[in-house]
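A.B. asks:
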Amino acid sequence: MPPKLFVSPNARHEQRMQSEISSSLAAVLRKNPKMTPKEAMYSVTSEMLQNNPYQPLANGKCPINDLPNEILAHIFQLGVKDQEEEEEGSPDEDEWEDMSTDGENSDEDSDEDSVDAVIQDESGGQAYDSDSEGGDEVAIPFQVLVSHVCKRWREVAIESHFLWTNLNFAQRPRLEKAQVYISRAGGQPLDIYIDCTFPPDVDEEDHPDHPLYQDNEARKKRRSQSCDHPECSHEHGDDNNEIEFLSQKQLTQILDVIEPEVSHWQSLDFRASTYGYVHLLLSRLHKLPSASVLETLSICHFEDCDDYEFFSGDDMTSFLPFHGIAPNLKDVVLWGVHIDWDSPFLRGLSNLELQYHAKDVRPSYRAFAKMINSSPDLHSLTLSLSGPVLPAGVSFDADPEEHEGAWGPTPLTIPSLRELALQFHEIKYAIALVQHIDVPNLKSMLLDFDEEDYSSFVQTLVKPVKGRTESVLQHVENLKISGLPCDMASAEALLGQLVNLKSLNIKVVGPEEALIFHKLIDPQATQPPPDSAAAPQPAAGSSSRSDLARIFCPKLEAFTANQVDGAELRILVTKRRELGAPLKSLYISQFDEISKKDEKWLRANLEEVQFFEPSDSEEEYDDVEVILDEEGWTDEESRSGSEDEDGSHNEGDDDDEIPVDESGEPLISPLARHMRRSRGRGPTGNHDLD
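At position 169 of the sequence shown the residue is numbered 169 (UniProt numbering), and the sequence of numbers has no breaks.
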């Protein structure tokens, strides 16, 4: 049986339909007064259904049947892509399986595609259309849906191998589904996603596959039976709770299914909450032959960790995936995951992310430099609590022949690099990096530091690297500051170097970032003004400093604000315009205090205003969603209503959420777009990386 689809009524559509029927009925009765209301209604409904795509045509012929199979297959591909974009970042995995049956079309399929016919919910429950407003809605994969429309569509869908190349493993193994997809992919490159992270307040021992599960459950049961006090905090087991994360045993089963297809892997995205899963994966990848078409490898370990001095895992073996042979590898992301750094595996890269590595498992400088020098087209580099080892007590620019582990006096030049992210490093290490890494063509930079005073780091950053006459900041066009505690002189030096900056994204997490923001308005500002409605002024008794620029960042056109209110943004826009360096685009966090009046003013004085919603952790590289209603207001504003200029209160419309730009995020920096996977602030952040 095909699935039953339950579509919830939409009040607005219902009202519109009733209005159209009423007006059409009145027009028919005026034109034909002898008609009875019943006859008139029949005439109206017949007219309305004449071009209804869900109503069979009178001649029995559907125009789409005239399309050649190639165009029909392309339409299917667009449908799959559209669905994937709509569901991107959703924590709910589809529940649908294309199950084996003796359906009416099975004799048309080859033996390897005999798994066909009906679509069925894994749990045996009812399925709901994606338009349903119910909380249990389940979206049918588009390629599966079209394969059950008619015999021809099924043949086209199954023979369109590119529709079946995404293998998604999360919460449950879905091995049979994966085998069907692999069979239908017909040798096309496969994109594989495996999520072994745990839900909140759950650990590995809560899975029935774990060796300690039965003992733990028995202990919980004994505790609950021994104490029946209503306020008892003992855990009471609930047999109805469904386990929704993968065990190591299930991961082994998944690898058994996909490993024979390693020659067809195009991308592998793996995530885990504990290193045991990572160790299992790496030990299996270590035994595989070359991954000849692999382009993207992302392995992320998200276990909470407070100490990055020493590796905390039980086995720190450095494995070498695919025997070190992946000739087409371009993008590599390693979070808390180390491999055999000395092998020639990481070469020819375009993008490299090294994050959250304990000091004793980081690559040596020699291995790191080899990665960089063997990747002449390296475009983006992220070093977050990771990078080449620098031994304690050793100067980074010392002679490595005399001081083991030193980086040497000659900077590491990366002429191809356009995007660089530096995060959470100790001050001394961060200073060494910006003195030793020479990136003459850098266009985008992300800086994210906290807790300590990074003034000395900033003062180093504004100086040229050895052998250069200009600092790297003078060429940067896109800058994001997620945290940069420093003194006023350092902030002024930083802004003074950004003469070619076009886009600035700043999160005002403290007074230091607030000062940087206000110096964009007035270079003479010495502290954020206590009254945000007034332009910042120098502190009482201070005199104007003639050595400061008339305006910082004279080429700035786009500004992304996070934790800045509407009054301050209006001041920023007004002052920049008065100084002859007007802003064109403004991107605002949806959580900031922006009244409808402020928003109207900003839209009237800028070419572009967009709102974005930061991720749950409110830390970026955020995967953000721009939400506007039909009138251009934020969805949150529409729901809650707002106050007009005359003081009246408007109730918001229940408008659909509409993404505004193609990427779905307002951050215009190429670095921010590339790094949109990495949304957590450190290992304890929100690690939904899609």
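All C-beta atoms in this analysis are idealised placements derived from N, C-alpha and C, irrespective of residue type, glycine included.
Leaving aside the five residues before and after L320 along the sequence, list all residues of the same chain whose C-beta is less than 7 Å from its C-beta, in chain order.
C.D. replies: Taking the first residue of the sequence shown as position 1, residue 320 is located at position 320. So the list reads H286, I339, D340, S343 and F345, once near-sequence residues are dropped.
A.B. asks: What residue range does the alpha helix (DSSP H) around L495 cover?
C.D. replies: Taking the first residue of the sequence shown as position 1, residue 495 is located at position 495. Segment M488 to Q497, the alpha helix (DSSP H) holding L495.
A.B. asks: With P199 and H264 assumed to form a contact (beta carbons below 8 Å), what rounded beta-carbon distance in angstroms separates them?
C.D. replies: Along the sequence shown, one-based indexing puts residue 199 at 199. Along the sequence shown, one-based indexing puts residue 264 at 264. Wrong, their Cβ atoms sit about 31 Å apart, outside the cutoff.
A.B. asks: Where does K428 land, buried or exposed, given buried means 16+ other C-beta within 10 angstroms?
C.D. replies: For the purposes of this step, residue 428 is identified with residue 428 of the sequence shown, where counting begins at 1. Exposed, since its Cβ has fewer than 16 Cβ neighbours within 10 Å.
A.B. asks: Roughly how far, in whole angstroms, is the beta-carbon of Q77 from the beta-carbon of F162, given that I think they are within contact range, below 8 Å?
C.D. replies: By one-based count along the sequence shown, residue 77 stands at place 77. By one-based count along the sequence shown, residue 162 stands at place 162. 6 Å between Cβ atoms; contact.
A.B. asks: With three or more beta-carbon pairs closer than 8 Å as the criterion, would you say the stretch 67-81 touches the stretch 138-158?
C.D. replies: yes
A.B. asks: Could I get the ranges of all uninterrupted beta strand (DSSP E) runs contained in the stretch 369-395, with 3 residues as the minimum, in chain order?
C.D. replies: 380-384
A.B. asks: Apply the 10 Å Cβ neighbour rule to A185 and answer buried if 16 or more other Cβ atoms are within range, or exposed otherwise.
C.D. replies: Reading the sequence shown from its first residue, position 185 is the one you call residue 185. Residue burial is scored here from C-beta neighbours: A185 has at least 16 other C-beta atoms within 10 angstroms and is therefore classed as buried.
A.B. asks: Please name the residue or residues paired with R172 in a DSSP beta bridge.
C.D. replies: Within the sequence shown, numbered from 1, the residue matching residue 172 stands at position 172. R172 pairs with A170.
A.B. asks: Would you be able to state if there are at least three C-beta pairs under 8 Å between the stretch 489-507 and the stretch 448-465?
C.D. replies: Contact holds between the stretch 448-465 and the stretch 489-507, because three or more Cβ pairs, one in each stretch, are under 8 Å apart.
A.B. asks: Under the rule that 16 or more other beta-carbon atoms within 10 Å means buried, what is E303, buried or exposed?
C.D. replies: The residue you call residue 303 lines up with position 303 of the sequence shown. Buried, because 16 or more other Cβ atoms sit within 10 Å of the Cβ of E303.
A.B. asks: According to DSSP, simplified to helix, strand and coil, what is R271?
C.D. replies: Counting from 1 along the sequence shown, the entry for residue 271 is found at position 271. Looking at R271 - three-state DSSP - the assignment turns out to be strand.
A.B. asks: For Q18, count the other beta carbons within 10 Å of its own beta carbon; 16 or more makes it buried, fewer makes it exposed. Which is it?
C.D. replies: Counting from one through the sequence shown, the residue named residue 18 turns up at place 18. Counting Cβ neighbours within 10 Å, Q18 comes out exposed, since fewer than 16 surround it.
A.B. asks: Taking the beta strand (DSSP E) that I194 belongs to, which residues open and close that run?
C.D. replies: As a first step, residue 194 is located in the sequence shown; it is residue number 194 there, counting from the start. Start and end: L190 to C196.
A.B. asks: Leaving out five residues before and five after E14 in sequence, what residues of the same chain have Cβ atoms less than 7 Å from its Cβ?
C.D. replies: Within the sequence shown, numbered from 1, the residue matching residue 14 stands at position 14. Nothing listed; no residue qualifies.
A.B. asks: Helix or strand or just coil, what does DSSP make of K502?
C.D. replies: As a working note, residue 502 is residue 502 in the sequence shown. DSSP places K502 in coil when its eight states are reduced to three.
A.B. asks: Using a threshold of 8 Å, state whether the C-beta atoms of H436 and P411 are closer than that.
C.D. replies: Here residue 436 corresponds to residue number 436 of the sequence shown, with the count starting at 1. Here residue 411 corresponds to residue number 411 of the sequence shown, with the count starting at 1. Contact: yes.
A.B. asks: Is M41 helix, strand or coil by DSSP?
C.D. replies: If you number the sequence shown from 1, residue 41 lands on position 41. Note: M41 maps to helix in three-state DSSP.
A.B. asks: Please confirm if the stretch 350-357 is in contact with the stretch 374-394, defined as three or more CB-CB distances below 8 Å between the two stretches.
C.D. replies: Contact holds between the stretch 350-357 and the stretch 374-394, because three or more Cβ pairs, one in each stretch, are under 8 Å apart.
A.B. asks: Give every residue of the same chain whose Cβ lies closer than 8 Å to the Cβ of K463, excluding the five residues on either side of it in the sequence, and list them in chain order.
C.D. replies: As a working note, residue 463 is residue 463 in the sequence shown. Once the five neighbours on either side are set aside, the close Cβ partners of K463 are S471.
A.B. asks: Please report the residue range of the beta strand (DSSP E) in which A558 lies.
C.D. replies: Reading the sequence shown from its first residue, position 558 is the one you call residue 558. Where A558 is concerned, the enclosing beta strand (DSSP E) stretches over A558 to N562.
A.B. asks: Look at the alpha carbon of E401 and the alpha carbon of I372, and state the distance between them as a whole number of angstroms.
C.D. replies: Translated into the one-based positions of the sequence shown, residue 401 becomes position 401. Translated into the one-based positions of the sequence shown, residue 372 becomes position 372. If you take the alpha carbons of E401 and I372, they lie about 21 Å apart.
A.B. asks: In whole angstroms, what is the alpha-carbon distance linking N500 and E607?
C.D. replies: Translated into positions along the sequence shown, residue 500 becomes position 500. Translated into positions along the sequence shown, residue 607 becomes position 607. Those two C-alpha atoms are separated by around 21 Å.
A.B. asks: Roughly how many whole angstroms lie between the Cα atoms of F270 and D66?
C.D. replies: Position 270 of the sequence shown, counted from the first residue, corresponds to residue 270. Position 66 of the sequence shown, counted from the first residue, corresponds to residue 66. One C-alpha to the other measures close to 43 Å.
A.B. asks: Label C553 either buried or exposed according to how many other C-beta atoms from any shown protein chain fall within 10 Å of its C-beta, with 16 as the threshold for buried.
C.D. replies: Here residue 553 is taken as the residue at index 553 of the sequence shown, counted from 1. Its Cβ being crowded by 16 or more others within 10 Å, C553 is buried.
A.B. asks: Would the beta-carbon of S482 fall within 8 Å of that of L446?
C.D. replies: If you number the sequence shown from 1, residue 482 lands on position 482. If you number the sequence shown from 1, residue 446 lands on position 446. Yes, they are a contact pair.
A.B. asks: State the Cα-Cα distance for the pair L583 and D522, rounded to the nearest angstrom.
C.D. replies: For the purposes of this step, residue 583 is taken as residue 583 along the sequence shown, with counting starting at 1. For the purposes of this step, residue 522 is taken as residue 522 along the sequence shown, with counting starting at 1. For L583 and D522, the distance between alpha carbons rounds to 15 Å.
A.B. asks: Helix, strand or coil for Q612, going by three-state DSSP, please let me know.
C.D. replies: Within the sequence shown, numbered from 1, the residue matching residue 612 stands at position 612. It should be noted that the sequence gives Phe, not Gln, for residue 612. If DSSP states are grouped into helix, strand and coil, F612 belongs with the strands.
A.B. asks: Measuring straight from C-alpha to C-alpha, what distance separates Y365 and G408?
C.D. replies: Along the sequence shown, read from residue 1 onward, the residue named residue 365 stands at position 365. Along the sequence shown, read from residue 1 onward, the residue named residue 408 stands at position 408. If you take the alpha carbons of Y365 and G408, they lie about 10 Å apart.
A.B. asks: To the nearest angstrom, how far is the alpha carbon of N10 from that of E20?
C.D. replies: Reading the sequence shown from its first residue, position 10 is the one you call residue 10. Reading the sequence shown from its first residue, position 20 is the one you call residue 20. Spanning the two alpha carbons is a distance of roughly 16 Å.
A.B. asks: What's the C-alpha gap between V476 and S444?
C.D. replies: Translated into positions along the sequence shown, residue 476 becomes position 476. Translated into positions along the sequence shown, residue 444 becomes position 444. Cα to Cα, V476 sits roughly 6 Å from S444.
A.B. asks: Taking 8 Å as the threshold (C-beta atoms), are V609 and Q563 in contact?
C.D. replies: Position 563 of the sequence shown, counted from the start, is the residue given in the question as residue 563. Position 609 of the sequence shown, counted from the start, is the residue given in the question as residue 609. Not a contact, by the Cβ cut-off of 8 Å.
A.B. asks: For a test of the three-state rule: what should DSSP assign to E86, helix, strand or coil?
C.D. replies: Stepping through the sequence shown from its first residue, residue 86 is reached at position 86. Helix, per DSSP.
A.B. asks: Measuring straight from C-alpha to C-alpha, what distance separates T252 and R154?
C.D. replies: Walking along the sequence shown from the start, residue 252 turns up at place 252. Walking along the sequence shown from the start, residue 154 turns up at place 154. C-alpha separation (whole angstroms): 32 Å.
A.B. asks: Since G408 is in the alpha helix (DSSP H), which residue starts that stretch and which ends it?
C.D. replies: Taking the first residue of the sequence shown as 1, we reach residue 408 at position 408. Counting along the chain, G408 falls outside any alpha helix (DSSP H), and DSSP gives it neither H nor E.
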